[in-house]
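In the working numbering, each number is its position in the sequence shown, counted from 1, plus 37. Ideal Cβ placement from N, Cα and C applies to all residues, glycine included. Just so you know, these numbers come straight off a predicted model, no measurement behind them. Working notes, structure below.
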Amino acid sequence: MQAIEIKPVEYEHPQDGASCVAHAWARTPAPTTAEQRVELKERIKRLLKEKQAVLVSHYYVDADLQDLAEETGGCVSDSLEMARFGRDHPAKTLIVAGVRFMGETAKILSPEKRILMPDLDATCSLDLGCPADEFTAYCDAHPDRTVVVYANTSAAVKARADWMVTSSIGLDIVKHLHEQGKKILWAPDKHLGSYIQKQTGADMLLWQGSCLVHDEFKGVELELLKAQYPEAKILVHPESPANVVALADVVGSTTQIINAAVESDCDTFIVATDNGILHKMRAAAPGKRFIEAPTAGNSATCKSCAHCPWMAMNGLQNLADLLENMDQPEVSAANEIFVDAEIGKQAVTSITRMLDFAAAKKAKVQPGPDLAQEAKLFSGIGPA
Ligand code: SF4
Numbered sequence: 038m039q040a041i042e043i044k045p046v047e048y049e050h051p052q053d054g055a056s057c058v059a060h061a062w063a064r065t066p067a068p069t070t071a072e073q074r075v076e077l078k079e080r081i082k083r084l085l086k087e088k089q090a091v092l093v094s095h096y097y098v099d100a101d102l103q104d105l106a107e108e109t110g111g112c113v114s115d116s117l118e119m120a121r122f123g124r125d126h127p128a129k130t131l132i133v134a135g136v137r138f139m140g141e142t143a144k145i146l147s148p149e150k151r152i153l154m155p156d157l158d159a160t161c162s163l164d165l166g167c168p169a170d171e172f173t174a175y176c177d178a179h180p181d182r183t184v185v186v187y188a189n190t191s192a193a194v195k196a197r198a199d200w201m202v203t204s205s206i207g208l209d210i211v212k213h214l215h216e217q218g219k220k221i222l223w224a225p226d227k228h229l230g231s232y233i234q235k236q237t238g239a240d241m242l243l244w245q246g247s248c249l250v251h252d253e254f255k256g257v258e259l260e261l262l263k264a265q266y267p268e269a270k271i272l273v274h275p276e277s278p279a280n281v282v283a284l285a286d287v288v289g290s291t292t293q294i295i296n297a298a299v300e301s302d303c304d305t306f307i308v309a310t311d312n313g314i315l316h317k318m319r320a321a322a323p324g325k326r327f328i329e330a331p332t333a334g335n336s337a338t339c340k341s342c343a344h345c346p347w348m349a350m351n352g353l354q355n356l357a358d359l360l361e362n363m364d365q366p367e368v369s370a371a372n373e374i375f376v377d378a379e380i381g382k383q384a385v386t387s388i389t390r391m392l393d394f395a396a397a398k399k400a401k402v403q404p405g406p407d408l409a410q411e412a413k414l415f416s417g418i419g420p421a
């Protein structure tokens, strides 16, 4: 087997109203042969059963890990559904194939469960670009604002927030807060924040972080690609820059993008999000054609090539090794997620607010001005 590759990664770190380039790294698992993949998948299935663990995978991880989650009674989904599924599943051990903040969210919601990840160094440029101490100082400087943070943040940042949101529900929650007359402090993704601000008209102060994958999609090159495929519908994740979002037929979270492809009469789509999602899109809408939105071209630096280097740290080999050794004490240090109990207690409030809001929305109960109804909807939660 070839050696594991260490990739240098650059990301945006907002500082004093400006942005600087910061440096990180990602480890890419060694490639596996077709035979090794078959053997590893069988081993993982057997071990998940033996160890009574459930696998929860994000749409951006390796296709094999997505299939394994579905084939073994786990789930493959966006971060909102991952959080909800992990909380409600009876298994005592959750294996989270994604990036670190997803494991932390699972631990915050289910502190009694054991949360393991194939590689704890799998992080996110939004999380890295929003350190808790800098963010706390920013919030302290704007005490009149309701703090809304994206899921892609550390437990400590969530603990400082009034609300946590994901891309599938952020717009609805900000709209709801805006209707209540709240001014908002938003972090960390500047593109998603600015998209929501335009859609809702809310008064929003934006942290200037970005996703290194979505930030690389190119508006000019996307227009050229659309000219080649005029019949195609353009599906865009709102972490993308405004000139890319402006060309979209549908703007939405990963799940919303998949649903749009399934429900549309169109059979060709240009997709601006991490290309890991194409596996699920092809399975959900067989026979349709999916084309990756350009990250390369005249204006490109092609730092990411539409695939998250940290999501790519989840592989079959490290997942199998984790399951094999999860009863060894050294695995706790290397692969288990721990969240400080006090931080977890504070962070759970902002996450639960979102989950309750999403449940109320699903039940088609719209939060209104009636205080009694609000109290029922957001039971056990203090004022935002
Ligand atoms: S794709 Fe972007 S937002 Fe998602 S984990 Fe990677 S860096 Fe973070």
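When every heavy atom of ligand 1 is checked, does at least one fall within less than 6 angstroms of the C-beta of residue i?
{"i": "residue 342", "result": "no"}
{"i": "residue 189", "result": "yes"}
{"i": "residue 387", "result": "no"}
{"i": "residue 162", "result": "yes"}
{"i": "residue 302", "result": "no"}
{"i": "residue 311", "result": "yes"}
{"i": "residue 345", "result": "yes"}
{"i": "residue 250", "result": "yes"}
{"i": "residue 136", "result": "yes"}
Alpha carbon to alpha carbon, what distance is there between residue j and residue i?
{"i": "residue 156", "j": "residue 218", "result": "42 angstroms"}
{"i": "residue 90", "j": "residue 128", "result": "6 angstroms"}
{"i": "residue 400", "j": "residue 394", "result": "10 angstroms"}
{"i": "residue 408", "j": "residue 109", "result": "Below a pLDDT of 50, predicted positions are generally treated as unreliable, and residue 408, at 37, falls in that range; the measurement from the model is reported next regardless. Roughly 44 angstroms separates the two Cα atoms."}
{"i": "residue 290", "j": "residue 114", "result": "11 angstroms"}
{"i": "residue 54", "j": "residue 175", "result": "11 angstroms"}
{"i": "residue 268", "j": "residue 230", "result": "30 angstroms"}
{"i": "residue 173", "j": "residue 193", "result": "9 angstroms"}
{"i": "residue 398", "j": "residue 68", "result": "43 angstroms"}
{"i": "residue 232", "j": "residue 96", "result": "22 angstroms"}
{"i": "residue 65", "j": "residue 47", "result": "16 angstroms"}
{"i": "residue 75", "j": "residue 85", "result": "16 angstroms"}
{"i": "residue 138", "j": "residue 374", "result": "10 angstroms"}
{"i": "residue 386", "j": "residue 195", "result": "9 angstroms"}
{"i": "residue 130", "j": "residue 120", "result": "14 angstroms"}
{"i": "residue 420", "j": "residue 197", "result": "Since pLDDT at residue 420 reaches only 28, below the 50 mark, its modelled position is unreliable, and no value is offered."}
{"i": "residue 56", "j": "residue 49", "result": "6 angstroms"}
{"i": "residue 42", "j": "residue 235", "result": "41 angstroms"}
{"i": "residue 350", "j": "residue 301", "result": "33 angstroms"}
{"i": "residue 99", "j": "residue 182", "result": "39 angstroms"}
{"i": "residue 369", "j": "residue 150", "result": "13 angstroms"}
{"i": "residue 355", "j": "residue 158", "result": "12 angstroms"}
Is residue i buried or exposed, if buried means 16 or more other CB atoms sit within 10 Å of its CB?
{"i": "residue 238", "result": "exposed"}
{"i": "residue 292", "result": "buried"}
{"i": "residue 161", "result": "buried"}
{"i": "residue 339", "result": "Low local confidence applies: a pLDDT of 48 at residue 339 is under 50, so the model's placement there is unreliable, with the coordinate-based value given in what follows. Residue 339 comes out exposed."}
{"i": "residue 210", "result": "buried"}
{"i": "residue 103", "result": "buried"}
{"i": "residue 422", "result": "What is shown of the chain runs 38 to 421, which leaves residue 422 out entirely."}
{"i": "residue 134", "result": "buried"}
{"i": "residue 324", "result": "exposed"}
{"i": "residue 278", "result": "buried"}
Span of the alpha helix (DSSP H) holding residue i?
{"i": "residue 233", "result": "227–237"}
{"i": "residue 266", "result": "Counting along the chain, residue 266 falls outside any alpha helix (DSSP H), and DSSP gives it neither H nor E."}
{"i": "residue 74", "result": "71–87"}
{"i": "residue 354", "result": "353–362"}
{"i": "residue 293", "result": "291–300"}
{"i": "residue 56", "result": "Taken as a continuous stretch (DSSP letters only), residue 56 belongs to no alpha helix (DSSP H), being part of the beta strand (DSSP E) at 55–65."}
{"i": "residue 105", "result": "100–108"}
{"i": "residue 344", "result": "Neither: residue 344 is in no alpha helix (DSSP H) and is coded neither H nor E."}
{"i": "residue 250", "result": "Segment: none, residue 250 is in no alpha helix (DSSP H) and carries neither H nor E."}
With a cut-off of 8 angstroms on the beta carbons, I'd call residue i and residue j a contact; round off their distance for me.
{"i": "residue 322", "j": "residue 285", "result": "Not confirmed; about 18 angstroms, so no contact."}
{"i": "residue 343", "j": "residue 311", "result": "6 angstroms"}
{"i": "residue 357", "j": "residue 81", "result": "5 angstroms"}
{"i": "residue 388", "j": "residue 201", "result": "5 angstroms"}
{"i": "residue 220", "j": "residue 244", "result": "With 8 angstroms as the limit, residue 220 and residue 244 do not qualify as a contact, their Cβ atoms being about 15 angstroms apart."}
{"i": "residue 206", "j": "residue 391", "result": "6 angstroms"}
{"i": "residue 45", "j": "residue 62", "result": "6 angstroms"}
{"i": "residue 187", "j": "residue 148", "result": "Not confirmed; about 22 angstroms, so no contact."}
{"i": "residue 163", "j": "residue 59", "result": "Contact doesn't hold; Cβ gap of about 12 angstroms is too wide."}
{"i": "residue 263", "j": "residue 287", "result": "Wrong, their Cβ atoms sit about 14 angstroms apart, outside the cutoff."}
Does ligand 2 have a heavy atom nearer than 6 angstroms to the CB of residue i?
{"i": "residue 272", "result": "With respect to small molecules bound, the structure shown includes ligand 1 and not ligand 2."}
Span of the beta strand (DSSP E) holding residue i?
{"i": "residue 182", "result": "Segment: none, residue 182 is in no beta strand (DSSP E) and carries neither H nor E."}
{"i": "residue 327", "result": "326–329"}
{"i": "residue 241", "result": "241–243"}
{"i": "residue 306", "result": "305–309"}
{"i": "residue 44", "result": "42–52"}
{"i": "residue 126", "result": "Here residue 126 belongs to no beta strand (DSSP E), and DSSP marks it neither H nor E."}
{"i": "residue 93", "result": "90–95"}
{"i": "residue 272", "result": "270–273"}
Is any beta-carbon of chain C found at less than 7 angstroms from that of residue i?
{"i": "residue 290", "result": "You won't find chain C in this structure, because it holds only one protein chain."}
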